[in-house]
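These protein sequence lines map, in sequence, to chains A and B. In terms of this note's numbering, the first sequence opens at residue 2 and continues consecutively. In terms of this note's numbering, the second sequence opens at residue 2 and continues consecutively. The beta carbon of each residue, even a glycine, is placed where N, CA and C say it ideally should be. Nothing here was measured: the structure is a model prediction, and the numbers come from that model. Here is the structure we will look at, set down as structure tokens.
Protein chains: 2
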Amino acid sequence: MLRDDLDSLRAKRNIYMEPIHRLVKHLERFVPIQESDVALLQKHIGSVRVSKKEHLVEPLQPCTDHYFVVEGCLRMYFFNEKGDEQTVQFAIENWWITDHAAFMQGGDSLFCIQAVEQSTLLTLNRQVQEELLQKIPSMERYFRIIYQRAYAAAQYRMRVRQDYSGEDIYLSFKKSYPDFVDRVPQYMLASYLGITPEYLSAVKKRHA
Amino acid sequence: MLRDDLDSLRAKRNIYMEPIHRLVKHLERFVPIQESDVALLQKHIGSVRVSKKEHLVEPLQPCTDHYFVVEGCLRMYFFNEKGDEQTVQFAIENWWITDHAAFMQGGDSLFCIQAVEQSTLLTLNRQVQEELLQKIPSMERYFRIIYQRAYAAAQYRMRVRQDYSGEDIYLSFKKSYPDFVDRVPQYMLASYLGITPEYLSAVKKRHA
DNA sequence: CGGTCTCTTGACGGAGTTCAAAGCTAGTGG
DNA sequence: CCACTAGCTTTGAACTCCGTCAAGAGACCG
């Protein structure tokens, strides 16, 4: 009760909760967190503000960080053989994003990670993540759950991609995330759905 | 040295290593495993032999188990709107497979899981997995790593799907897994690659 | 306002699907 | 161990969804 009041008071005064506490709140949805853990997180995790279109990762450079979106929206994309951008993932509030292959193995990234909107992020570099995993058993459990869910979502997305036409994929995406379709530029959404902006335009018109 | 000799002796005599030890060997590639842990695994994990085409999971039934392939090959698939089978994943030796969404949430599965070949499996049901995760910290770490890798692979696969034509997807898959393309029926592989068996046939002919 | 992104429109083309029928192959029972 | 059959693969012709290209209309930002 008191806690809720405090939160709403903060919200009304437009005083942001410290970014790190947004993460802690999210962690607590999955695992128990000790006070001492919070201190450790606070000590090691960096917070950063990026403006729209700013890049966090460029291709052929190492991708050493794992990003947690406190506020805003990021996307991961690459340039296909024809030179067009292809979005493979979006990340909004409370999502993690990184090029996992590069992050794990320390090699160069094949992707770009870019802010779609002005965003507030937490950055967790590989050594720090490894250290936290070792020191805090709850973190190991937390990331196990996060990756399991991410993988389940990827399985589901793969299924939708195989099952439906471009038109149906858009409609089903819109049904699942009605607000999000207007939050990002059309050409990004189109490449995420696996169709061209032109065709998405035609589909939208058909279902206006 | 002694250990290796013993292994090769077993192999020569065609005495299979106990399935559970195949798992332990795999676990040890990622995390340290105690003798006491092995006993716990042995006590809780079941082993089962399935024949070709046998189903482990049917759609609209709960999917309570996580399967580890000791020997053989499984696949996960579903029936699309037209009634055709669509393969979403294969699992060969040392791979885990399950419908993660159903496994996690306890709901009904949207997929079938079926043996492509006669196979030896370990089965880990949800309660047991949860118990092992709680009791053995190494298991929490192990599955975190496994899921992270699986997710990275899914990201990569998604990228390939967006970037390349059906023809190129087949060629790149064949390059990555030259033996596997002939290990499964063509129609399964075709649906996994996202093309029709007829078109795969044409592609293969073109590159004969 | 001007310039640069972004979105729309329409004509055309091609990669891949659909359908049907004819070859193969492998598994099964006699 | 052969013969039969069901299931798998190949072939080819017609068709369609969606990509490509180019040009114009909005929309956003300095």
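Which residues, taken in chain order from the stretch 187 to 203 of chain B, show a beta carbon closer than 7 angstroms to some beta carbon of chain A? 195
Is it buried or exposed, residue 120 of chain A, if we count other Cβ atoms within 10 angstroms and call 16 or more buried? For the purposes of this step, residue 120 of chain A is identified with residue 119 of the first sequence, where counting begins at 1. Buried is the call here.
Suppose the cutoff is 7 angstroms on Cβ atoms and the five residues either side in sequence are ignored; what does the same chain contact list for residue 80 of chain A look like? As a first step, residue 80 of chain A is located in the first sequence; it is residue number 79 there, counting from the start. Around residue 80 of chain A: 86.
Length at least 4, wholly inside the stretch 162 to 188 of chain B: the alpha helix (DSSP H) runs in chain order: 167 to 177
With a threshold of 8 angstroms, are at least 3 pairs of Cβ atoms found where one atom belongs to the stretch 132 to 148 of chain A and the other to the stretch 34 to 51 of chain A? yes
For the putative contact between residue 193 of chain B and residue 88 of chain B, defined by C-beta atoms under 8 angstroms, what is the C-beta separation to the nearest angstrom? The residue you call residue 193 of chain B lines up with position 192 of the second sequence. The residue you call residue 88 of chain B lines up with position 87 of the second sequence. Contact holds; Cβ gap of about 4 angstroms.
Selection from A/157, A/52, A/61 that minimises the alpha carbon distance to residue 75 of chain A: Within the first sequence, numbered from 1, the residue matching residue 75 of chain A stands at position 74. Out of A/157, A/52, A/61, A/52 has the C-alpha closest to the C-alpha of residue 75 of chain A.
Quick check on this structure: which residue in A/115, A/201, A/60 has the alpha carbon closest to the alpha carbon of residue 103 of chain A? Sequence index remark: in the first sequence, residue 103 of chain A carries index 102 (1-based). Checking every option, the nearest Cα to that of residue 103 of chain A belongs to A/60.
Which of the three DSSP states, helix, strand or coil, is assigned to residue 59 of chain A? Residue mapping note: residue 59 of chain A aligns to position 58 of the first sequence, counting from 1. Residue 59 of chain A: coil per DSSP, three-state reduction.
State the Cα-Cα distance for the pair residue 172 of chain B and residue 190 of chain B, rounded to the nearest angstrom. Indexing the second sequence from 1 puts residue 172 of chain B at position 171. Indexing the second sequence from 1 puts residue 190 of chain B at position 189. Going by the C-alpha atoms only, they are around 12 angstroms apart.
Going by alpha carbons, who is nearest to residue 23 of chain A out of A/143, A/164, A/95, A/160? Position 22 of the first sequence, counted from the start, is the residue given in the question as residue 23 of chain A. Of A/143, A/164, A/95, A/160, the residue nearest in Cα terms is A/95.
Which of the three DSSP states, helix, strand or coil, is assigned to residue 111 of chain B? Against the second sequence, residue 111 of chain B aligns to sequence position 110. The answer is coil: DSSP assigns residue 111 of chain B none of H, G, I, E or B.
Element boundaries [alpha helix (DSSP H), containing residue 120 of chain B]: In the second sequence, residue 120 of chain B corresponds to position 119, counting from 1. No alpha helix (DSSP H) contains residue 120 of chain B, which is instead part of the beta strand (DSSP E) from 120 to 126.
Buried or exposed: which applies to residue 149 of chain A, given that a residue is buried once 16 or more other Cβ atoms fall within 10 Å of its Cβ? Residue numbering aside, residue 149 of chain A sits at position 148 when the first sequence is read from its first letter. Per the 10 Å Cβ criterion, buried.
With distance defined between alpha-carbon atoms, name the residue in B/72, B/112, B/28 nearest to residue 58 of chain B. Counted from its first residue, the second sequence places residue 58 of chain B at position 57. For the residues B/72, B/112, B/28, the minimum Cα distance to residue 58 of chain B belongs to B/112.
Cβ separation of residue 125 of chain B and residue 69 of chain B, assumed to be a contact under 8 angstroms, to the nearest whole Å: By 1-based counting over the second sequence, the position of residue 125 of chain B is 124. By 1-based counting over the second sequence, the position of residue 69 of chain B is 68. Contact flag correct, Cβ pair sits at about 7 angstroms.
What did DSSP end up calling residue 14 of chain B once you bin it into helix, strand or coil? Locating residue 14 of chain B in the second sequence gives position 13, counting from the first residue. At residue 14 of chain B, the pLDDT of 43 sits below 50, so the modelled position is not reliable; the number obtained from the coordinates is stated separately. Looking at residue 14 of chain B - three-state DSSP - the assignment turns out to be coil, as it is neither helix nor strand.
Between the Cα of residue 127 of chain B and those of B/27, B/47, B/65, B/54, spot the shortest distance and give me the residue it belongs to. Your numbering for residue 127 of chain B matches position 126 in the second sequence. With distances taken between Cα atoms, residue 127 of chain B lies closest to B/65.
Since residue 195 of chain B contacts residue 163 of chain A with CB under 8 angstroms, what's their CB separation in whole angstroms? Position 194 of the second sequence, counted from the first residue, corresponds to residue 195 of chain B. Position 162 of the first sequence, counted from the first residue, corresponds to residue 163 of chain A. About 6 angstroms separates the two Cβ atoms, so the contact holds.
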